[in-house]
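In this note's numbering, each number is its position in the sequence shown, counted from 1, plus 23.
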Amino acid sequence: MEDQKLENLLNLALGATEEEREKSLNLDVGYHPIDREWELIIKYSGNLDQVRALAIQVVELQNEYAIIRISQSRIDLLSDIPEVEYIEKPKRLFFQIANGKRVSCINEVQDTRFLDMRGQGVLVAIIDSGIDYANEDFRNADGTTRIRVMWDQSLRPNADEEKNPPKGYRMGVEFTEEQINRALEADSLEERRRMVPSQDISGHGTAVAGIAAGNGRGSGKLYAGVAPESELIVVKMGSPMPDGFPRTTELMQAMDYVVRKALEFRMPVAINLSFGNTYGSHDGRSLVERYIDDLSNFWKSVICVGTGNEAASAGHTSGVLQKRKEERIQLAVQADEPTLNIQIWKAYTDEVEISFVSPAGTRIGPIQSVLGSQRFRIGETEILLYYGKPSPYNVAQEIYIDMIPVTDYITSGVWQIILNPTRVVEGQYDLWLPSENVLNRGTGFLYPDEEVTLTIPSTADKVISVGAYDALTFSYASFSGRGYTWQDERTKPDLVAPGVNVRTTAVGGGVTVVSGTSFATPFVTGASALLMEWGIVRGNDPFLYGEKVKAYLRRGARELPGFGKYPNREVGYGRLCLERSLPD
């Protein structure tokens with residue numbers, strides 16, 4: 024019997040074998056095979072007393088969410104607790120990598136002859152791959168750090184060396200402003216890294232921070248960020264586990280930490296999220312998205328999220344079911360693809376049976392719509408099929424398909440997924456693949472749909488969702504995730520910002536050139552910080568945060584050539600223009 028208090032993917036993962044989980048891209052996320060323990064997200068009401076009695080570890084977040092670690096054998100008991108409403112497993116997150124201030128009307132706002140707004144009194148939070156904290160762009164003129172506090176989730180705590188996680192959390196190491204300053208005064212790089220060993224290996228977080236808040240000292244003031252006099256909160260996402268990739272559980276804890284710190288410092292905060300994933304119904308209804316929406320109501324904050332780079336990845340397709348007509352979806356799988364999963368989302372009122380045709384022409388199905396998991400083998404590929412149920416938060420149905428290899432790789436070539444409708448009421452269906460970051464080049468749907476390619480959590484309702492455009496040609500960036508949200512068709516993205524060939528801070532000093540919605544987002548994060556400086560810090564509008572900032576940025580957005588109707592699926596309300604976003 025499938026447990027309806029558990030999300031579909033968790034039900035499937037618990038029913039899979041150890042070998043199947045290990046070979047799958049999604050099923051093993053959150054599982055610790057040596058200890059046979061799971062990291063899980065729970066939504067609850069009341070208190071956590073019974074959960075604490077069962078779980079190995081509990082991190083209590085705001086608004087009745089928690090991250091727990093629990094033995095697999097106790098998950099059934101966890102589900103029986105009346106206070107526990109719903110349970111999800113973590114998902115992977117991927118960074119959105121694929122001459123902005125002038126075209127975003129930021130120079131006029133920063134100009135000392137006019138408003139002279141540079142982020143004073145506002146926090147900019149970078150939740151990312153870390154930061155090059157010794158970089159001149161993140162230091163004051165006297166050499167001290169602009170970082171108020173930094174949490175590196177990937178480091179192992181060591182109490183003997185005064186390297187502890189933040190109070191209330193169980194992972195990583197927190198570094199205070201004082202600790203960072205002592206490290207900056209160290210006589211050698213080796214000594215500095217011993218004192219504060221946090222590093223930004225990929226450079227992604229440093230580049231993001233440079234756009235949002237770099238002061239330009241590392242480039243002779245040539246490439247300063249949007250809020251160069253703001254103070255920073257930095258969270259390096261990840262875990263001490265061998266895989267080390269960031270997950271939604273780390274994201275939720277990071278956001279909880281940032282907002283708590285902003286409240287402690289009594290400062291408004293603009294939060295930057297430049298990553299996402301493609302798993303989910305793309306309508307803001309997962310626990311992670313609901314948590315972000317709930318958190319946005321706490322303290323004076325703005326949350327900016329990139330829409331991802333999946334529009335041109337061939338990772339989404341859609342169609343409309345018709346009575347007595349089968350739908351054939353063709354999927355190209357390149358050689359040496361180790362695993363692949365497909366999500367089908369449709370109205371629960373519609374009923375379909377599914378067939379699969381391998382590249383060699385072998386067909387299985389139609390497979391009846393039996394709730395729960397089923398297994399099939401075609402050649403060297405094993406197929407796990409799961410017909411899910413609606414959840415307390417979503418009326419839609421997910422059909423989840425996981426293709427895993429019998430030996431090393433799944434069968435390459437063109438696969439066909441055939442949908443045979445037995446009842447049609449609404450008809451609309453959509454399919455999504457994993458992020459292109461984890462697929463071989465060329466793996467994708469043969470007839471893709473570039474709409475509804477937003478990554479999650481940019482589909483959350485109360486975030487500012489940011490797409491990308493090319494500031495040199497004033498053209499929409501073809502990779503930028505498109506809206507609207509699935510089912511309810513809310514306007515996303517809210518707006519776009521420069522995201523092609525952007526110059527920003529590099530690890531170790533100097534400048535790097537980057538592209539992607541990862542780097543469009545911090546323009547809007549920095550602009551949000553300046554709006555809050557004008558409103559809250561300068562006393563012009565003490566309520567200028569949250570949805571009010573979004574409304575002002577939408578109103579001030581300018582048109583891009585080639586679009587006659589606004590808002591639209593590609594650029595939302597238009598391109599960022601901070602000067603026009605300021606109240607009259």
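Here a beta-carbon is modelled for each residue, glycine too, at the ideal position from N, C-alpha and C. Here the structure is a predicted model, which means the values were calculated and not measured.
Item                                                                                                                                                                                : Value
So, L599 versus F546, is the Cβ gap smaller than 7 angstroms?                                                                                                                       : yes
Residues in its own chain within less than 7 angstroms of T514 by CB, not counting five upstream and five downstream?                                                               : G506, Y507, P590, G595
Does the stretch 362 to 369 touch the stretch 421 to 430, meaning 3 or more C-beta pairs lie closer than 8 angstroms?                                                               : yes
Which ranges would you report for the beta strand (DSSP E) in the stretch 168 to 198 if only whole runs of at least 3 residues count?                                               : 170 to 175
Leaving aside the five residues before and after L77 along the sequence, list all residues of the same chain whose C-beta is less than 8 angstroms from its C-beta, in chain order. : I93, R97, L100, L101, I104
Which value, in whole angstroms, describes the spacing of the CA atoms of R115 and M173?                                                                                            : 22 angstroms
Excluding the 5 residues flanking R59 on each side, which residues of the same chain have their C-beta closer than 6 angstroms to its C-beta?                                       : Q95
To which residues does DSSP link F117 through a beta bridge?                                                                                                                        : G299
Give me the Cα-Cα distance between E376 and A370, rounded to the nearest whole angstrom.                                                                                            : 14 angstroms
Starting from the Cα of C327, find the closest Cα among D151, V560, Q143 and give me that residue.                                                                                  : D151
Whole-angstrom Cβ separation of A285 and V325, contact assumed at under 8 angstroms?                                                                                                : With 8 angstroms as the limit, A285 and V325 do not qualify as a contact, their Cβ atoms being about 11 angstroms apart.
So what's R313 in DSSP terms, helix, strand or just coil?                                                                                                                           : helix
Residues in its own chain within less than 7 angstroms of V530 by CB, not counting five upstream and five downstream?                                                               : D155, D223, G226, T229
Could you have a look at R603 and say whether DSSP puts it in helix, strand or coil?                                                                                                : helix
If you follow the beta strand (DSSP E) that Q420 is in, where does it begin and where does it stop?                                                                                 : 419 to 428
May I have the straight-line CA-CA distance separating S47 from T496, to the nearest angstrom?                                                                                      : 41 angstroms
So, at 7 angstroms on beta carbons, what are the nonlocal neighbours of N204 in its own chain, with the 5 sequence-adjacent residues on each side left out?                         : T167, T168
Which residues does DSSP pair with E350 in a beta bridge?                                                                                                                           : L442
In the structure shown, what three-state DSSP assignment does G595 receive?                                                                                                         : strand
Using DSSP's beta-bridge definition, name the partner residues of W368.                                                                                                             : E421, D453
Going by beta carbon distance, what residues of the same chain come within less than 7 angstroms of V231, once the five residues before and after it are set aside?                 : I149, D151, N295, S297, S541, F542, P545
Which value, in whole angstroms, describes the spacing of the CA atoms of N122 and A236?                                                                                            : Low local confidence applies: a pLDDT of 47 at N122 is under 50, so the model's placement there is unreliable, and no value is given.
Would you give the residue range spanned by the alpha helix (DSSP H) that A148 belongs to?                                                                                          : Segment 146 to 151 is the beta strand (DSSP E) holding A148; no alpha helix (DSSP H) there.
So for S242, helix, strand or coil by DSSP?                                                                                                                                         : helix
If you drop the 5 nearest sequence neighbours on each side, which residues of the same chain put their C-beta closer than 6 angstroms to that of S242?                              : V534
Quick check on V572: does DSSP put it in helix, strand or coil?                                                                                                                     : helix
Let me confirm a value: V132 is counted as buried when at least 16 other C-beta atoms fall within 10 Å, else exposed. Which label applies?                                          : buried
Which residue comes first and which comes last in the alpha helix (DSSP H) that contains Y280?                                                                                      : 271 to 288
What residues are listed by DSSP as bridge partners for R400?                                                                                                                       : E405
Hey, quick one: how far does the beta strand (DSSP E) through S488 stretch, first residue to last?                                                                                  : 487 to 493
Select from S68, V560, F161, R193 the residue whose C-alpha is nearest the C-alpha of P251.                                                                                         : F161
Specify the secondary structure class of H305 as computed by DSSP and reduced to three states.                                                                                      : coil
Just verifying my parser: in three-state terms, what is the DSSP assignment at Q73?                                                                                                 : helix
Over what stretch of residues does the beta strand (DSSP E) that includes E62 continue unbroken?                                                                                    : 60 to 67
In the DSSP assignment, find the alpha helix (DSSP H) that holds A550 and state where it starts and stops.                                                                          : 540 to 555
Is V461 helix, strand or coil when you go by DSSP?                                                                                                                                  : helix
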